[in-house]
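Q: With our numbering applied, the sequence shown corresponds to residues 79 to 379, in that order.
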Amino acid sequence: MTDIRPAVIEDIEGMDVVRRALFPWFSASIETQRNWFRTLPAAARAQRLVAVVDGVVVATAVSMLNHHAAEPGQGTVQIQVHPDHHGRGIATKLHDLAEEHLRAIEAVRAQGFALDNPASVGWAKRQSYEVGANERWSVVDPASLPPVPVIPSGVEIVRAAEAGPEACHEIDAVAFLDEPGDVQMGVIPFDEWMDRFWHSPDFDREVSMVALVDGKPAALTMVEVNRATGRAMSTGTATLREYRGMGLAKLLKSVSLRRAAEAGVVAAFTCNDYSNAPMLAINDWLGYRVIGGTRSVLKHL
Numbered sequence: 079m080t081d082i083r084p085a086v087i088e089d090i091e092g093m094d095v096v097r098r099a100l101f102p103w104f105s106a107s108i109e110t111q112r113n114w115f116r117t118l119p120a121a122a123r124a125q126r127l128v129a130v131v132d133g134v135v136v137a138t139a140v141s142m143l144n145h146h147a148a149e150p151g152q153g154t155v156q157i158q159v160h161p162d163h164h165g166r167g168i169a170t171k172l173h174d175l176a177e178e179h180l181r182a183i184e185a186v187r188a189q190g191f192a193l194d195n196p197a198s199v200g201w202a203k204r205q206s207y208e209v210g211a212n213e214r215w216s217v218v219d220p221a222s223l224p225p226v227p228v229i230p231s232g233v234e235i236v237r238a239a240e241a242g243p244e245a246c247h248e249i250d251a252v253a254f255l256d257e258p259g260d261v262q263m264g265v266i267p268f269d270e271w272m273d274r275f276w277h278s279p280d281f282d283r284e285v286s287m288v289a290l291v292d293g294k295p296a297a298l299t300m301v302e303v304n305r306a307t308g309r310a311m312s313t314g315t316a317t318l319r320e321y322r323g324m325g326l327a328k329l330l331k332s333v334s335l336r337r338a339a340e341a342g343v344v345a346a347f348t349c350n351d352y353s354n355a356p357m358l359a360i361n362d363w364l365g366y367r368v369i370g371g372t373r374s375v376l377k378h379l
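(1) Could you tell me which residues DSSP pairs with Thr188 in its beta bridges?
(2) Tell me whether Ser231 is buried or exposed, calling it buried when 16 or more other Cβ atoms sit within 10 Å of its Cβ.
(3) Which of helix, strand or coil does DSSP assign to Glu284?
(4) Beta strand (DSSP E) containing Glu320: first to last residue?
(5) Just checking, does the region 367 to 375 make contact with the region 330 to 345 on the three C-beta pairs under 8 Å criterion?
(6) Out of Gly210, Met272 and Gln152, which has the shortest C-alpha to C-alpha gap to Met263?
(7) What is the DSSP secondary structure of Ile369, counted as helix, strand or coil?
(8) Are the beta-carbon atoms of Val140 and Arg126 separated by less than 8 Å?
(9) Does DSSP put Trp215 in a helix, in a strand, or in coil?
(10) Quick one: measure Cβ to Cβ for Arg123 and Ile90, integer angstroms, because I've assumed they're closer than 8 Å.
(11) Could you tell me which residues DSSP puts in a beta bridge with Ile235?
(12) Report the rounded CA-to-CA distance for Val233 versus Leu326, giving the unit in angstroms.
(13) Assuming Asp282 and Glu302 form a contact by the criterion Cβ under 8 Å, report the distance between their Cβ atoms to the nearest whole angstrom.
(14) Using the DSSP secondary-structure output, state which residues sit across from Gly200 in a beta bridge.
(15) Do the CB positions of Val217 and Trp103 come within less than 8 Å of each other?
(16) CA-CA distance, Glu284 and Arg204?
(17) Going by alpha carbons, who is nearest to Leu290 out of Leu255, Leu100 and Cys246?
(18) Would you report the Cα separation of Leu193 and Arg305, rounded to the nearest angstrom?
(19) Could you tell me how far apart the beta carbons of Val288 and Val236 are, in whole angstroms, since I believe they sit closer than 8 Å?
(20) My output table needs one value for Ser364: the three-state DSSP class, helix, strand or coil.
(21) Given a threshold of 16 other Cβ atoms within 10 Å of its Cβ, counted over all protein chains shown, does Leu172 qualify as buried or as exposed?
(22) CA-CA distance, Asp174 and Asp162?
(23) So the alpha helix (DSSP H) Ile90 belongs to, where does it begin and stop?
(24) CB Trp271 to CB Lys328, shorter than 8 Å?
(25) Please state the DSSP three-state secondary structure of Arg380.
(26) Excluding the 5 residues flanking His146 on each side, which residues of the same chain have their C-beta closer than 7 Å to its C-beta?
(27) To which residues of the same chain is Gly398 closer than 6 Å at the C-beta, ignoring the five residues directly before and after it?
(28) If I'm right that Ala310 touches Leu298 with Cβ under 8 Å, what's the distance once you round it to whole angstroms?
(29) Do Arg373 and Asn212 have their C-beta atoms within less than 8 Å of each other?
(30) According to DSSP, is Ala338 part of a helix, a strand, or is it coil?
(31) Span of the beta strand (DSSP E) holding Asp351?
(32) Rank Pro356, Ser222, Asp81 and Arg166 by C-alpha distance to the C-alpha of Asp132 and give the top, closest one.
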């Protein structure tokens, strides 16, 4: 018997088991997942559900407004079912409830992400989703990297802790507007950014790095590190438009990954849209190995 009910923060450990079973790149600590739960703004108007079998969480569903989207009415839906419970209709039940919620909060389009395999993409298509942008997930051992590029004259690399949150947010916010994908994004407000990123339990201010050009913050790479597992996730590498073409992103990632290795990281993960050729080239040069993919799936409501 499957019981579907609202998720509570005490369900995070069970949700973590589902996520790790589905995503080989998943690295977030339990405390960071709790932070995701606590800091989701009311503006998202989220519905969070879990499916429980014999007292164990076997699936999760989140449906909400993408309140960062440049165009209003954009919704997001996430359905995650543990592989041991596939084929039992749980995903469809959760999706029906999620879509009902999106309609109730006046979303006009839903976006989800399916694992890039025939089963997951086929299921999304049967729910009337169209397949969109293509993302690749990859991993590198930060102990095995090419030499650090030469640092250009006038460029200084500093820790995010030294640069401070205001400078990091300014870079991240401007570059976020150019994020590739099927939904055009807007700026994340500073207070929300602080809660979700800067104060994330996994956000590592010693591994995340900022490039200064003539003393001015110009580029940023942000990294979350789960020190208990030795896994890290790049949550964004960004360069202000006027400083692009200087090789700052390659330089920052080279330095940051070495700091990650010093912190005990043995597997550093990242995700890139396949249309983002400059970042893919940098990660290929660094030695990232592709381990999977996801597809954006979209449905007009």
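A virtual CB, placed ideally from N, CA and C, is assigned to each residue, including glycine. Source: prediction; values computed, not measured.
A: This is what the structure holds:
(1) A small fix is needed here, since residue 188 is Ala in this sequence, not Thr. Paired residues: Gly153 and Lys377.
(2) Ser231 is exposed by the Cβ-count criterion.
(3) The answer is coil: DSSP assigns Glu284 none of H, G, I, E or B.
(4) That residue, Glu320, is in no beta strand (DSSP E); it is neither H nor E in DSSP.
(5) No: fewer than three Cβ pairs fall under 8 Å.
(6) It is Gln152 whose Cα lies nearest to the Cα of Met263.
(7) Secondary structure of Ile369 (DSSP, three-state): strand.
(8) With respect to the 8 Å criterion, Val140 and Arg126 are classified as neighbours on the basis of their beta carbons.
(9) Strand at Trp215.
(10) 21 Å between Cβ atoms; not a contact.
(11) Looking at the DSSP assignment, Ile235 forms a beta bridge with Ala289.
(12) When rounded, the separation of the alpha-carbon atoms in Val233 and Leu326 is 9 Å.
(13) Contact between Asp282 and Glu302 is confirmed by a C-beta separation of about 7 Å, below the 8 Å threshold.
(14) When DSSP reads this structure, Gly200 sits in no beta bridge, so it has no partner.
(15) Yes, they are a contact pair.
(16) Those two C-alpha atoms are separated by around 45 Å.
(17) Looking at the Cα atoms, Cys246 is the closest of the given residues.
(18) Between the alpha carbons of Leu193 and Arg305 lies a gap of roughly 27 Å.
(19) Indeed, because the Cβ distance is near 5 Å, the residues count as touching under 8 Å.
(20) It is Leu, not Ser, that sits at residue 364 in the sequence shown. Note: Leu364 maps to helix in three-state DSSP.
(21) By the neighbour-count definition (other C-beta atoms within 10 Å, threshold 16), Leu172 is a buried residue.
(22) Each residue's alpha carbon lies about 21 Å from the other.
(23) Ile90 to Leu100 is the extent of the alpha helix (DSSP H) around Ile90.
(24) Taking 8 Å as the cut-off, the Cβ atoms of Trp271 and Lys328 do not count as close.
(25) Coverage of the chain is limited to positions 79 through 379, which leaves residue 380 absent and any answer about it impossible.
(26) So the qualifying residues of the chain are Met263, Gly264 and Ile266.
(27) There is simply no residue 398 to check, as the chain begins at 79 and stops at 379 in what is shown.
(28) 16 Å between Cβ atoms; not a contact.
(29) Yes, Cβ-Cβ distance for Arg373 and Asn212 is below 8 Å.
(30) If DSSP states are grouped into helix, strand and coil, Ala338 belongs with the helices.
(31) Where Asp351 is concerned, the enclosing beta strand (DSSP E) stretches over Ala345 to Asp351.
(32) Minimum Cα-Cα distance from Asp132 among the listed residues Pro356, Ser222, Asp81 and Arg166 corresponds to Asp81.
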